[in-house]
Every structure is written in structure tokens, then in C-alpha cells.
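The structure appears below as C-alpha cells.
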Amino acid sequence: MRLWHKGCFYNVGQFKLCKDIVANTVHNNEIILTGFLEQGLLVRESKKLWEHYRKSPQFRFDVISMIPTDILMLKVGYNNPELRFNRLFKMARLFEFFDRTETRTNFPNIFRISNLVLYILIIIHWNGCIFFAISKTIGFGSDTWVYPNISDPEFGRLARKYIYCLYWSTLTLTTIGETPPPVRDVEYLFVVSDFLIGVLIFATIVGNVGAMISNMNASRAEFQAKIDSIKQYMQFRKVTKDLEARVVKWFDYLWTEQKTCDEKEVLKNLPDKLKAEIAINVHLETLRKVRIFQDCEAGLLVELVLKLQPQVFSPGDYICKKGDIGREMYIIKEGKLAVVADDGVTQFVVLSDGAYFGEISILGIKGSKAGNRRTANIRSVGYSDLFALSKDDLMEALTEYPEAKKALEEKGRAILMKDNLIDEAAANAGADPKDLEEKVSVLETNLDVMQTKFARLMADWTSSQNKIKQRIANMEARVKTLRQEDLDEVVEDKKDK
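Laid out in C-alpha cells, this is it:
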């Protein structure tokens, strides 16, 4: 913008020219020091930097912009700043900056809107500068279309020149106001070009703004579609108004607290390593608060962190009831849970952020008086965010850490003994026949599944074999036919001879 302004509105003095030459020299020295990434690592070697820069498309633009056309001004005079228009090729760097910033910023939609506004202002600015240059060439005040005569003190000030041209350019490109009609052919051509550019600008603005608004409201539209489908389903199934209101409140809570994001969907494009690091960064400290997992191996904690499942409970929902089989343990992320009596009203204690429960039941410690049953009723006071770790996931992780499994069982047994919740006679007894029966049942089930899969594989293999044999037979028949035809031709040739 500064370059166009200089080229059209005022002359460049010798001091300012020298200052620009110094600035350009600094810029020219910096452009060849631009680093790049090779296999994710920043390259700093001068030779590699030069080779990479020389082969890049940006090199050609920089060479053109580095041509010292300023020197010509020393010969032809300082009143020809248009000789410096080759500096406009540096704008490619600006577009590169915009692309990188849009990727890295946390507010991409705002940045895109700002870019759009900036582009519009630049086009209006350039168009105003061109209008002033054309007026200067034709002659100020020579007709009603060009800029008024600058001999008039009111129109001779630099600020008035720029504001007038900017005003004229805005009216012309946006076609929202009337401007003096052109008189000469050159003026007509310029105005027609401006109108065409204005139409393109308007179409670009409408398209970009519409796309940005759609992108900004995409999550809201998707969420609203889910709500509408749930409402239609409840109306179709004639769900009670009370339950329907609870469902709507549930969705309101999710949207208000910005918990509508599907974590698996968002992270699905990341490699497993980065997914694990994000999960560790978010959940590891929460898992360390659980007594039985304190001082565990780091590898085991990482395995468990990846298996934590977020769950949200509504006001009044029971997380577990007394006597239920314990298949998960829970860690409270946000919210409050109340340990209540069987009547569901009397509260014994309230659990808040960071609390956990159910860790003993998923270990299946032998001799526990409660077994793997829940010993209390736990109910959500308001909306509560919890992390759940299932028994199956825990046991799957512990298969790779047998020593950690023993340590966890010892910790759990010590906790039960401290609370007098363990039957030492049963704990010291041999293996429970019921447990053995369950294990045998699981093994039999797995064996049946494997046999079914094996039978399918055998069937597929047999089918493939039959197809291959059929193809071979067809090929053999074809070869025999071809050979017979060749023999017949040879016999006929001999007869002819």
C-alpha cells in the first residue's frame, strides 16, 4: 500500500530513498536465511538452505523484487517512484504468512474475516491510487470526472487527495453511490473495469462470508440436527413430557458447557502416538489420585489412561446402587455425587471433584466380604462428568504387567483389611471353584468362537481351491484346443505342398 501511495501521491526524497535502500538490503539478506523442515527437523546448514531456496518458486519473485531499480532514480530523478513497482513481487511472502498463521491460530474464522477485509481495503486503496494517477496524466480539473485542480488549496492537501480518491474508489467498486460520469474514452474504460472488479468483489464477499458463517455454525447446526431427530423419535414413541423435558435439558447442558465434541471423531486423524500423549496430558494426573494406582509403573498408567471413558450423568441419575455387580470404577472430573440411603433422599456424604470409588470391586480380590458387589447407593446431585475404567480393560492391561497386578491386589487387600472388609479364611483358601468354572466357561466360549472362525476360513479356502482348479481345467482345455488347431494347420500345409 505504501508503494502505490508513493507512486501516485507524492515524490520520493533522497533521504527517504536511502532509507528504503537500507531496508531493502536488510530484507534481501534475510530472505536467503529462511529455514525449512526436512523430515520434521529444522535445517540450519547454509548450503542446504541455499539449494532449497534456489529451487523454490519464491526465488524467482525475490530476484525480481531485488533488482535495484532505485538506482535509476538517481539518473532520471526522484519524481518517478513507479520504477520501484517491482517490489510488489514481495507480496508472495505476505500470502505465505497468511497461510501459516491461519493454520496455527486458535481463531481461524476471525483471521479469515480479517484477511478478507484487508484484501478489500488494499483493492480499494490501489484503485484510488490508479484514479489519482490517471487524473494526473489527463490533467487535474480538466473535466468533471478527474480529481479537482490541486491549485485549489482545499484539494491541494495530501490528506484531501487521498481521502477523496479513497471515497471515489469505494463508491465505484461497491456501486452504492453516484460518481461524476466519465468523459474521455480512457475514463470510460477505467470505470467499466472498476464495475467488473466491483461485481467480482461483491460475489467474493458474499461467497466468503457465507462460507465462514456456515463453518462457524457447523457444530451448532450438527448439534441442532441431533436434537431435532431425538425430538421426532420421542414424539413418534409417545415419550412422556417429563422425560422429554429431561432430554432437552440434557442437550442444553452439553451445549452450554461445550461438551458436544466427539473426542474419538476429533482425534481419529492423529497417529496413535499423539493420541496417547494427549490422553496422558489430560488424564494422567487424575488417575494418579487413585490410591491403588499410586506408585504403579508408568507404562501401566499409560495403558490405563488410554482406556478411560468419559461419562456424563444427569441430576438424580444413579451411578450405582447397593448390591449391583461392580464392573467399573469411577473418577469424578467435575460435579458432585451423593452417597444416599435406600430411600434415595438421606445423604451420608457428598463426593466432589477428584474423588473416586469402585476401585476395589474391579480387582476381584479373593475374600472380600462384599465380593464384587456395590456397597452403597451413589447418585448424581447435578450434572456430573466422570471417567470410567472397566474391569475388562484393567485386566487386559494387567496381562502385560503381572508384577503390577500382584502389587495392586496387595494394595487392595491391605485397604480391605484396614476397613475390616475381608474374610481372611476365604482369602487364604484355595481357588474358588466358581472362579474356575467361570474361567473354564470363558475358555470354552473363546474356543467355540475360534472354531467358528476356523470353519469359515476352511470354507473360504475350499472355495478358492475349487475356483483355482476350475480355472486350471479351463486353461488346459484351451491349450489343447490351440494345439489341435496348430496341428491341423501343419497337416493342411503339408497336403498343399
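Per this note's numbering, the sequence shown starts with residue -14, numbered consecutively.
Note that CB positions come from ideal geometry on N, CA and C, so glycine has one too.
Quick caveat: nothing in here was measured; it's all calculated off a predicted structure.
Distance between beta carbons of residue j and residue i, contact taken as under 8 Å
i	j	result
residue 303	residue 362	7 Å
residue 309	residue 358	7 Å
residue 283	residue 317	Between residue 317 and residue 283 the Cβ distance is about 24 Å, and since that is not below 8 Å, they are no contact.
residue 260	residue 252	5 Å
residue 348	residue 394	6 Å
residue 96	residue 87	5 Å
residue 119	residue 171	7 Å
residue 285	residue 269	Not confirmed; about 12 Å, so no contact.
residue 83	residue 100	6 Å
residue 182	residue 158	6 Å
residue 360	residue 396	Incorrect: roughly 18 Å between the Cβ atoms, too far for contact.
residue 77	residue 46	5 Å
residue 299	residue 231	7 Å
From the options, residue whose alpha carbon lies closest to that of residue i
i	options	result
residue 43	26, 54, 347, 81	81
residue 248	236, 349, 258, 263	263
residue 366	346, 396, 301, 76	301
residue 320	312, 206, 127, 297	297
residue 126	51, 94, 167	167
residue 290	385, 346, 374	374
residue 49	69, 228, 28	69
residue 205	236, 449, 176	236
residue 390	379, 400, 399	379
residue 295	111, 274, 267	267
residue 388	189, 139, 280, 128	280
Alpha-carbon spacing of residue i relative to residue j, whole angstroms
i	j	result
residue 364	residue 437	43 Å
residue 122	residue 161	27 Å
residue 474	residue 468	10 Å
residue 478	residue 470	12 Å
residue 272	residue 392	17 Å
residue 115	residue 179	11 Å
residue -8	residue 202	Annotation note: pLDDT 47 at residue -8 (below 50); position unreliable, coordinate value reported separately. Residue -8 and residue 202: Cα-Cα distance of roughly 43 Å.
residue 191	residue 102	12 Å
residue 169	residue 71	30 Å
residue 346	residue 335	20 Å
residue 52	residue 131	34 Å
residue 156	residue 239	47 Å
residue 385	residue 344	20 Å
residue 444	residue 456	18 Å
residue 229	residue 246	22 Å
residue 108	residue 147	14 Å
residue 214	residue 35	59 Å
residue -14	residue 106	Unreliable placement is indicated for residue -14, whose pLDDT of 49 sits below 50; no coordinate value is reported for it.
residue 98	residue 197	8 Å
residue 326	residue 404	20 Å
residue 461	residue 446	22 Å
residue 189	residue 342	57 Å
Beta-carbon spacing of residue i, residue j below 9 Å
i	j	result
residue 369	residue 322	yes
residue 311	residue 376	yes
residue 195	residue 151	no
residue 23	residue 32	no
residue 277	residue 407	no
residue 372	residue 293	yes
Min CB distance residue i to chain C below 9 Å
i	result
residue 139	Of the protein chains in the structure, only one exists, and it is not chain C.
> Where are the alpha helix (DSSP H) runs, 4 residues long or more, that stay fully inside the segment 361 to 448, in chain order?
Replying inline: 376 to 383, 387 to 403, 409 to 413
> Fully enclosed by the segment 19 to 52, which alpha helix (DSSP H) runs are 4 residues long or longer?
Replying inline: 31 to 40, 43 to 51
> What residue ranges within the segment 245 to 280 form continuous alpha helix (DSSP H) runs of no fewer than 4 residues, ordered along the chain?
Replying inline: 248 to 252, 257 to 273
> At what residue ranges does the segment 141 to 179 contain a whole run of the beta strand (DSSP E), taking only runs of 3 or more?
Replying inline: Look at the segment 141 to 179 and you find no whole run of beta strand (DSSP E) that is 3 residues long or longer.
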